[in-house]
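Residue numbers (the numbering used here): 3 to 838.
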């Protein structure tokens, strides 16, 4: 192709390269080798800047006539491959360039991109120059040799068939044999005719396979899915592609299916989905008064979602496949013609094939034009305002994390040599087992059952009367949620969020509600999605979650944090739930939020409406400044809970909610959601079988944040009720300062008279009851007050002189001038709180 503007197709340079980028994206090409680019250095640099977010372009121009002749280029897809570790060397300027790059962490691969001379007599010197330049530069042998060879090795690769110059062919054969390279596609298809270049002079139609990919014999087992075809890029050559996967690269699955958002803009198809909904409404009405465990609003809703997903799958397959079906049919006709024994000698057959290829090219151009027009329309609507679409255009895309292997944990023999699992299904099973087993770990084994019961009761009873709901409180928590609650929950749900296992996004339900609202205004009948969801949610509140509906099923996506990538413990478990589940729990959370202020002390600011994280950070820094100015000695203890949301014991949670005097109806609903909660783990796009959630509050659940606040509040109640902890009296603050929380981040303000031992005693009792655990290695302490006091704590590693022992080694005691990070802000003595 010519990389600059095309006089024949009226395309500008950028328009042509936009088509190249589209081809790369559509075909998921990682590395593209281009020949005859006709680009000079300035033009290539301009293209590199224009496509810098998505592509890395390296062009080797003609040094004598840059932009006017030849030129080869590599184009790397930044969306798929990391371009931090690569080298490109021009072996023969404008004719041959070599790329070495790390292939997804599995080792370095080397590709040689060539554009052979048109003059056969120049070929022997061309191949000799390449090998001389490679060995002189000390470069490795290429794993792949690809490009436009301007010759064929076999007469089968030309029509009309003829043998190329023997000396020219021998030069190539000698070159590739020396490098152990072979025409792997031809080895796999010894009798198949395939042509990548088509030309004609007058009525003479000529075809050839001059564009090829050679691989080393060692890579034969790692290449598959060979393909050659046309694209929307204006060129008389077909693109040749092959999929490469080294033996140590793990398999990747399809992940969970998701409804494509664009279908919500197809009103005709959305009306078909609405018809399915109206049938659902009729079925729900028909079972009123005759509910059974096998036939009720929940089971009908589950069947409806299954029908919905299948209809959407079928539609998208047909919608996207109409033009592809035409192209495939034409390609079949092309293949039949080329495999005809008389093709090489029959002029009419070659002419028919050329006409079919022209039609395929037309359809490819049409498909590209449709996609471009759709993209233009979306940009016109959404690309000129701050939104997720706009930020996505300007944000560097992160590469998908591939877990190559996981270490097999041998709890019975921890000193045994490490063993690793690479099979995708067994890796998913390992991750599942780890998270399932984690639920039973960290339980308090130092107390007898009776002692544990007494400790839990003491912790539960720490809630003061003024934080419990009165018996006559009108909280509406004992009532069924209303249509208005569901409508508000749906309206305020954020678009563009990841979906659960069912793949149904908020946008789908919102579009259905929009169509229902429009129909209501015109007096037409339509599916009432909000009314249906309300009926399903009310059925759950009345009869609890029906087993087998997977209403509470979630899927976990492990996100790498740091340290050893083979240890599943070093991955953050992100759980994603279905949107109908989240709409329901959001409606419940909205009800609870109206009364949570009376149950949770102002010391806790996490997820409580009207309270701010800035209050907590300002308080911490104010305490440091106040203590130094007034010589009020003490220490700030910043605690961090280990896997906080995953640790809360369910029985402890139910007892806590009961002690707060929340209505039984509300507690029963929440218990039902958790008793039927299961999670499956996804590794590289493959899912494990689900495991039952028996501990912790669920991530991604709008209700979980408030449940966690209520569970954690008992720790604050115990601290405030302790007669052994004095608190600080600060002018202008009515209540003495002792504890400050933002969800699981806890700061405790100890005076110089408080013993650290008394604090740890309270923490241990609460952890034993709740199932929580504090991460000692992340505990940090800031001495506050006079310089002498701060120095004493640093030297003795004791907050109070009478503490039984020194602070353990894992606890960081901040020195003056060295701040700690608390709730995203740097705080400490003698520091600028905006700087680390």
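Every residue, glycine too, gets a C-beta built ideally from N, C-alpha and C.
Quiz prompt | Alpha carbon of residue 178 to alpha carbon of residue 184, nearest angstrom | solution = As a position in the chain shown, residue 178 is number 176, starting the count at 1. As a position in the chain shown, residue 184 is number 182, starting the count at 1. If I take the Cα positions, the gap works out to 7 Å.
Quiz item: Quick one, which of 787, 345, 794 and 279 has its alpha-carbon nearest residue 628's?
Solution: Residue 628 sits at position 626 when you count from the first residue of the chain shown. Closest option to residue 628, Cα to Cα, is 787.
Quiz item: Rounded to the nearest angstrom, how far is the Cβ of residue 477 from that of residue 597, given a contact under 8 Å?
Solution: Residue 477 sits at position 475 when you count from the first residue of the chain shown. Residue 597 sits at position 595 when you count from the first residue of the chain shown. Contact holds; Cβ gap of about 5 Å.
Quiz item: Is residue 154 near residue 230, with beta carbons less than 9 Å apart?
Solution: Against the chain shown, residue 154 aligns to sequence position 152. Against the chain shown, residue 230 aligns to sequence position 228. With contacts defined as CB atoms closer than 9 Å, residue 154 and residue 230 fail to qualify as a contacting pair.
Quiz item: residue 358 and residue 332 look like a contact to me (Cβ under 8 Å); what is the Cβ gap, rounded to whole Å?
Solution: In the chain shown, counting from the first residue as 1, residue 358 sits at position 356. In the chain shown, counting from the first residue as 1, residue 332 sits at position 330. Sure, about 5 Å apart at Cβ, within 8 Å.
Quiz prompt | Check whether residue 218 and residue 181 have beta carbons under 9 Å apart | solution = Translated into the one-based positions of the chain shown, residue 218 becomes position 216. Translated into the one-based positions of the chain shown, residue 181 becomes position 179. Cβ atoms of residue 218 and residue 181: closer than 9 Å.
Quiz item: Quick one, are the C-beta atoms of residue 94 and residue 149 less than 9 Å apart?
Solution: Taking the first residue of the chain shown as 1, we reach residue 94 at position 92. Taking the first residue of the chain shown as 1, we reach residue 149 at position 147. In this structure, residue 149 does not lie closer than 9 Å to residue 94 by Cβ.
Self-check item: Own chain residues within Cβ distance below 7 Å of residue 365, not counting five before or after
Solution: As a position in the chain shown, residue 365 is number 363, starting the count at 1. Within its own chain, the residues whose Cβ lies closer than 7 Å to the Cβ of residue 365, once the five positions on either side in sequence are excluded, are 325, 328 and 329, listed in chain order.
Practice problem: Jot down the residue ranges of each uninterrupted alpha helix (DSSP H) in the region 575 to 635, minimum 4 residues, whole runs only, in chain order. | Solution: Uninterrupted alpha helix (DSSP H) stretches at least 4 residues long and entirely within the region 575 to 635 occur at 581 to 595, 598 to 601 and 615 to 632, given in chain order.
Quiz item: Which class does residue 126 belong to by DSSP, given the choice of helix, strand or coil?
Solution: To locate residue 126, count along the chain shown from 1; it is residue 124. Of the three classes helix, strand and coil, the one that applies to residue 126 here is helix, per DSSP.
Practice problem: Please determine if the region 718 to 734 and the region 749 to 768 are in contact, where contact requires at least 3 C-beta pairs separated by less than 8 Å. | Solution: The region 718 to 734 is in contact with the region 749 to 768.
Quiz item: Just checking, does the region 248 to 259 make contact with the region 37 to 53 on the three C-beta pairs under 8 Å criterion?
Solution: Too few Cβ pairs lie closer than 8 Å, so no.
Quiz prompt | CB of residue 705 within 9 Å of CB of residue 683, strictly | solution = Taking the chain shown and counting its residues from 1, the one referred to as residue 705 is at position 703. Taking the chain shown and counting its residues from 1, the one referred to as residue 683 is at position 681. No. Outside cutoff.
Self-check item: Length of the line joining the Cα atoms of residue 53 and residue 418
Solution: Against the chain shown, residue 53 aligns to sequence position 51. Against the chain shown, residue 418 aligns to sequence position 416. Distance between the alpha carbons of residue 53 and residue 418: 50 Å.
Quiz item: residue 310 and residue 278 look like a contact to me (Cβ under 8 Å); what is the Cβ gap, rounded to whole Å?
Solution: Residue numbering aside, residue 310 sits at position 308 when the chain shown is read from its first letter. Residue numbering aside, residue 278 sits at position 276 when the chain shown is read from its first letter. Contact between residue 310 and residue 278 holds, since their C-beta atoms are separated by about 6 Å, short of 8 Å.
Quiz item: Do the region 658 to 669 and the region 548 to 563 meet, that is, are 3 or more Cβ pairs less than 8 Å apart?
Solution: The answer is no - the region 548 to 563 does not touch the region 658 to 669, with fewer than three Cβ pairs under 8 Å.
Practice problem: Please name the residue or residues paired with residue 651 in a DSSP beta bridge. | Solution: Translated into the one-based positions of the chain shown, residue 651 becomes position 649. For residue 651, which the question treats as bridged, DSSP gives the partners 697.
Self-check item: Under 9 Å between C-beta atoms of residue 77 and residue 132
Solution: Residue 77 sits at position 75 when you count from the first residue of the chain shown. Residue 132 sits at position 130 when you count from the first residue of the chain shown. Not closer than 9 Å, so no.
Quiz item: For residue 362, which residues of its own chain have a beta-carbon under 7 Å away from its beta-carbon, when the five flanking residues on both sides are left out?
Solution: Stepping through the chain shown from its first residue, residue 362 is reached at position 360. Leaving aside the five residues that flank residue 362 on each side, the residues in its chain whose CB is nearer than 7 Å to its CB run, in chain order, 232, 329, 332 and 333.
Quiz item: Identify the residues that DSSP records as bridge partners of residue 736: which are they?
Solution: Taking the first residue of the chain shown as 1, we reach residue 736 at position 734. Partner(s): none; residue 736 has no beta bridge.
Exercise. State the Cα-Cα distance for the pair residue 294 and residue 667, rounded to the nearest angstrom.
Key: Walking along the chain shown from the start, residue 294 turns up at place 292. Walking along the chain shown from the start, residue 667 turns up at place 665. Computed Cα separation, rounded: 21 Å.
Quiz item: Can you list the beta strand (DSSP E) stretches of 3 or more residues lying completely in the region 486 to 544, in chain order?
Solution: DSSP runs (the beta strand (DSSP E)) wholly in the region 486 to 544: none.
Quiz item: Exposed or buried, what is residue 522 when buried is set at 16 or more other beta-carbons lying within 10 Å of its beta-carbon?
Solution: Translated into the one-based positions of the chain shown, residue 522 becomes position 520. Residue 522 comes out exposed.
Self-check item: Classification of residue 110 by the beta-carbon crowding that lies within 10 angstroms, buried from 16 upward
Solution: Your numbering for residue 110 matches position 108 in the chain shown. Under this definition residue 110 is an exposed residue.
Quiz item: Should residue 791 and residue 737 be called a contact, given that it needs their Cβ atoms to be closer than 9 Å?
Solution: Stepping through the chain shown from its first residue, residue 791 is reached at position 789. Stepping through the chain shown from its first residue, residue 737 is reached at position 735. Not closer than 9 Å, so no.
Quiz item: With distances taken between CB atoms, is the gap from residue 698 to residue 647 smaller than 9 Å?
Solution: For this step, residue 698 is matched to residue 696 along the chain shown. For this step, residue 647 is matched to residue 645 along the chain shown. Taking 9 Å as the Cβ cut-off, residue 698 and residue 647 qualify as a contacting pair.
Quiz item: For the putative contact between residue 413 and residue 423, defined by C-beta atoms under 8 Å, what is the C-beta separation to the nearest angstrom?
Solution: Locating residue 413 in the chain shown gives position 411, where the first residue counts as 1. Locating residue 423 in the chain shown gives position 421, where the first residue counts as 1. No, residue 413 and residue 423 are not in contact; Cβ-Cβ is about 15 Å, not under 8 Å.
Self-check item: Complete runs of the beta strand (DSSP E) confined to the region 72 to 114 [at least 3 residues]
Solution: Scanning the region 72 to 114 for uninterrupted beta strand (DSSP E) segments of 3 residues or longer gives 74 to 79, 88 to 94 and 98 to 104, listed from N- to C-terminal end.
Quiz item: Rounded to whole angstroms, how far is the Cβ of residue 1 from the Cβ of residue 502, which I believe are closer than 8 Å?
Solution: Here the chain covers residues 3 to 838 and nothing more, so residue 1 does not appear.
Quiz item: At a Cβ threshold of 9 Å, is residue 230 touching chain D?
Solution: Among the protein chains of the structure shown there is no chain D, as only one such chain exists.
Quiz prompt | Sequence-distant residues of its chain with Cβ nearer than 6 Å to residue 840 (five each side left out) | solution = In the structure as shown, the chain begins at 3 and stops at 838. Residue 840 is therefore absent and cannot be evaluated.
Quiz item: If you drop the 5 nearest sequence neighbours on each side, which residues of the same chain put their C-beta closer than 6 Å to that of residue 9?
Solution: On the chain shown, residue 9 is found 7 positions in, with the first residue counted as 1. With a pLDDT of 49 at residue 9, under the threshold of 50, the modelled position of this residue cannot be trusted; read the value that follows with caution. Same-chain partners within the cutoff: there are none.
Practice problem: Could you pull out every residue in the same chain whose Cβ sits closer than 6 Å to the Cβ of residue 103, ignoring the five residues on either side in sequence? | Solution: What you label residue 103 is simply residue 101 of the chain shown in a count that begins at 1. Closer than 6 Å at the Cβ level, and outside the excluded window around residue 103, lie 88.
Quiz item: Ordered along the chain, which non-local residues of its own chain (more than five positions away) have a Cβ less than 8 Å from that of residue 341?
Solution: Within the chain shown, residue 341 is the residue found at index 339, counting from 1. If the five residues before and after residue 341 are omitted, its C-beta is found closer than 8 Å to the C-beta atoms of 194 and 195, all from its own chain and listed in chain order.
Practice problem: Please work out which residues of its chain come closer than 7 Å, Cβ to Cβ, to residue 308, disregarding the five sequence neighbours upstream and downstream, and give them in chain order. | Solution: Counting from 1 along the chain shown, the entry for residue 308 is found at position 306. Non-local C-beta neighbours of residue 308 in its own chain, meaning closer than 7 Å and more than five positions away in sequence, are absent.
Exercise. Please name the residue, chosen from 782, 770, 505 and 114, that lies closest to residue 451 on a Cα-to-Cα basis.
Key: Translated into the one-based positions of the chain shown, residue 451 becomes position 449. With distances taken between CA atoms, residue 451 lies nearest to 770 out of 782, 770, 505 and 114.
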